[in-house]
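Let me begin by presenting the structure, written as structure tokens, before commenting on it.
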Amino acid sequence: KVQLAAKNKRLFAFGIDWYLGNVFAMVPVAYLWTMMSGKAEINTQLKLFPGNMGYVAGLLSIVFSLIYHFIVPVFLWKGQTLGKKILGIKIVKADYSEADIKFMALRQIIGICLMEGIFIQSGECLVEMLGMLFGELFKNVMTYLLVAVFVISLLMFFKTNKALHDYLFKTAVIDIKGN
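Read in order, the letters of the sequence shown are residues 155 to 333 in the numbering used here.
Rendered as structure tokens:
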């Protein structure tokens, strides 16, 4: 019998993936900043990079984030990021069949990394790059909107054990180890 993953497992897996995904996504930003500034410090503000290098650093960070949040659960561990693998839970379609690449792309790239991604590096970089293009006001409005989307998703999760991205992209997270 298929069982939805317990909320505590999903939250703990989210915490693991949030931390590891953000650290991994910061690698190119930190490396570029160190190479360009000569300082052994981490800069997370893309606008401090000279010229267009902030965009390069931001795009590389998004690519690294997508490797962790999309490539790993699609090609390495079907339906699982490292956090989900550790906790014994897995992403599947809403009918509990294997989530194919299309479902995973929609859920992980659009849902997790962009739409609900204000608290992960890919979303932060995207918002900061848009702010560099369109100004600080635009960045602030986008930040507030994405925080609102994240809060709505969290409220939905606590009520139904399904986040906004699960509803929109017709996925579920199931327990594959048992409670």
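Cβ coordinates follow ideal geometry from the N, Cα and C atoms, glycine included.
Simplified DSSP state of residue i, which is helix, strand or coil
{"i": "Glu290", "result": "helix"}
{"i": "Ala167", "result": "helix"}
{"i": "Ala259", "result": "helix"}
{"i": "Glu252", "result": "strand"}
{"i": "Lys244", "result": "strand"}
{"i": "Thr325", "result": "strand"}
Contacts around residue i, its chain only, beta-carbon distance under 6 Å, and the 5 residues preceding and following it disregarded
{"i": "Leu214", "result": "Pro182"}
{"i": "Ser307", "result": "Glu270, Ala317, Leu318"}
Per-residue burial, residue i [other beta carbons within 10 Å of its own, 16 or more giving buried]
{"i": "Asp171", "result": "buried"}
{"i": "Met189", "result": "exposed"}
{"i": "Pro204", "result": "exposed"}
{"i": "Val301", "result": "exposed"}
{"i": "Asn176", "result": "buried"}
{"i": "Ile196", "result": "exposed"}
Proximal residues to residue i (C-beta, below 8 Å), its chain only, five neighbours per side dropped
{"i": "Glu252", "result": "Lys232, Gly233, Val246"}
{"i": "Phe166", "result": "Gly237, Leu241"}
{"i": "Val281", "result": "Ile272, Lys293, Met296, Thr297, Leu300"}
{"i": "Gly169", "result": "Gly237"}
Given residue i as reference, the closest of the options once Cα atoms are compared
{"i": "Met286", "options": "Lys201, Ala159, Gly169", "result": "Lys201"}
{"i": "Thr297", "options": "Ala184, Met310, Cys279", "result": "Cys279"}
{"i": "Ile225", "options": "Leu260, Leu322, Lys313, Phe323", "result": "Leu260"}
{"i": "Trp255", "options": "Phe323, Lys331, Phe218", "result": "With the sequence shown as reference, residue 255 is identified as Ile, and Trp is not the correct amino acid for it. Out of Phe323, Lys331, Phe218, Phe323 has the C-alpha closest to the C-alpha of Ile255."}
{"i": "Val217", "options": "Gln262, Arg164, Leu291, Met310", "result": "Gln262"}
Within-9 Å CB hit, residue i to chain B
{"i": "Lys239", "result": "The structure shown contains no chain B, having only a single protein chain."}
Rounded Cβ spacing between residue i and residue j (contact assumed at less than 8 Å)
{"i": "Asp329", "j": "Gly242", "result": "6 Å"}
{"i": "Glu270", "j": "Val303", "result": "6 Å"}
{"i": "Leu186", "j": "Ser276", "result": "The pair is not a contact, with the Cβ atoms about 16 Å apart (cut-off 8 Å)."}
{"i": "Phe178", "j": "Tyr250", "result": "Not confirmed; about 29 Å, so no contact."}
{"i": "Met283", "j": "Gly212", "result": "5 Å"}
7 Å Cβ shell around residue i - same chain, five flanking residues per side excluded
{"i": "Asn315", "result": "Leu158, Lys161"}
{"i": "Gly289", "result": "none"}
{"i": "Ile274", "result": "Trp172, Gly175, Asn176, Ser219, Cys267"}
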